[in-house]
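Read the structure below first, then the notes.
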Amino acid sequence: MNQIALVTGAAQGLGLCIARHLHAAGFKVVVTDRQLAQAAEAARSIDATGERAWPLALDVTRKADFETALAAVLEHWGGLQVLVNNAAMTKATPVMDIGADEFDAVLAVNLRGTLFGCQVMGAHMAAQGYGRLVNMASLAGQNGGTATGAHYACSKGGIMTLTKIFARELGPQGVTCNAVSPGPMDLPSVHALVPDERLAQIVQGIPVRKLGNADFVADLIVRLAMPDADFVTGATWDVNGGLFMR
Ligand SMILES: NC(=O)c1ccc[n+]([C@@H]2O[C@H](COP(=O)([O-])OP(=O)(O)OC[C@H]3O[C@@H](n4cnc5c(N)ncnc54)[C@H](O)[C@@H]3O)[C@@H](O)[C@H]2O)c1
């Protein structure tokens, strides 16, 4: 495997887990997050030698950051085949209390960040005739959200729609675009967002009666990032313990 994958919001949580699994599968991984220091610490934790994990600062609200990152990766490693749009802002404000600034801030990171990532890296992939785009959606975008806010849920619904649009746009050039839609994962972000008592109630409502496993989600993303995953595109891959069935 001599392929390069870039993950946004990879300093912690699911993003770090995804970067770790891509690295384990043989990819060179560009570990990006808003702050370089956090990205660098994460990259070191994946590969202390730095040979196959490289940190970059990338704020997904800025299209120019994607352009700068792409140029830097091409200079450093000579290619880019995979982008995982993982960065997100998660808020649980009640719908009647969400103000304009907070709504815009969540959409700017989650939805517009995914748009910019697919535009910039997708154009590069289309020009080279090959690429894999994977977008992190969420069950909240399918069922309206239970523990998270309306802005978050709307952004994730939008990501599933963007995924179909980029799948159609870039498919003829060898670029696939898929979304992965997890239900609540057993991750620090979930425990921080949802009080223990409420989380226990949520688990009781999940058919398999447990929270999701981040390693499985990361493995699924690795699978979708592989060269032979060329007949799956525009799809949303549900990983939700049966909370939402199609
Ligand atoms: N945790 C869950 O149960 C769950 C469920 C469904 C979907 N997801 C999705 O999985 C992804 C990761 O979730 P998590 O729980 O690890 O979240 P997290 O909050 O732990 O991590 C998010 C990361 O994104 C980064 N980030 C925030 N704003 C950014 C910006 N403007 N530019 C670049 N990076 C930025 C943060 O610094 C952080 O490292 C998100 O897209 C989330 O919506 C998570």
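To convert, count from 1 in the sequence shown and add 283; that's our numbering.
Just so it is clear, CB atoms sit at the ideal spot from N, CA and C, and this is done for glycine as well.
In this text, all values refer to a predicted model and were calculated from it rather than measured experimentally.
Would you say residue i touches ligand 3, meaning its beta carbon is less than 7 Å from a heavy atom?
| i | result |
| --- | --- |
| Met419 | Only ligand 1 can be found as ligands here, which leaves ligand 3 out of the picture. |
Count the other CB atoms, across all protein chains shown, that sit within 10 Å of the CB of residue i; report buried if there are 16 or more and exposed otherwise.
| i | result |
| --- | --- |
| Leu305 | buried |
| Gly393 | Note on residue identity: the sequence assigns Asn, not Gly, to residue 393. With 16 or more Cβ atoms within 10 Å of its Cβ, Asn393 is classed as buried. |
| Ile448 | exposed |
| Val491 | exposed |
| Arg451 | exposed |
| Phe310 | buried |
| Gln364 | buried |
| Phe527 | exposed |
| Leu357 | exposed |
| Pro377 | exposed |
| Arg415 | buried |
| Lys493 | exposed |
| Gly525 | exposed |
| Gly427 | exposed |
| Gly466 | buried |
| Gly361 | exposed |
| Thr431 | buried |
| Asn418 | buried |
Would you mind stating whether residue i and residue j have Cβ atoms separated by less than 8 Å?
| i | j | result |
| --- | --- | --- |
| Val255 | Val500 | Because the chain here runs from 284 to 529, residue 255 falls outside it and cannot be looked at. |
| Leu339 | Thr397 | no |
| Ala302 | Ala293 | yes |
| Thr519 | Ala420 | yes |
| Ala497 | Arg506 | no |
| Gly298 | Phe349 | no |
| Ala409 | Leu366 | no |
Please find out if some non-hydrogen atom of ligand 1 comes closer than 7 Å to the beta-carbon of residue i.
| i | result |
| --- | --- |
| Asp316 | yes |
| Gln279 | Because the chain here runs from 284 to 529, residue 279 falls outside it and cannot be looked at. |
| Gly440 | no |
| Asp521 | no |
| Gly432 | no |
| Asn369 | yes |
| Met372 | yes |
| Thr344 | yes |
| Thr291 | yes |
| Ser328 | no |
| Leu507 | no |
| Met468 | yes |
| Val473 | yes |
| Val392 | yes |
| Gly400 | no |
Item to check | Length-filtered (4 minimum) alpha helix (DSSP H) runs lying within the segment 433–492 | outcome: 433–453, 471–476, 479–487
Checklist entry - Mind pulling the beta strand (DSSP E) runs of 3 or more residues that sit fully within the segment 302–389? => result You should have 311–316, 336–340, 365–368.
Next on the checklist: Could you tell me which whole beta strand (DSSP E) segments of length 3 or greater appear in the segment 504–528?
Outcome noted: Qualifying beta strand (DSSP E) stretches, in chain order: 519–522.
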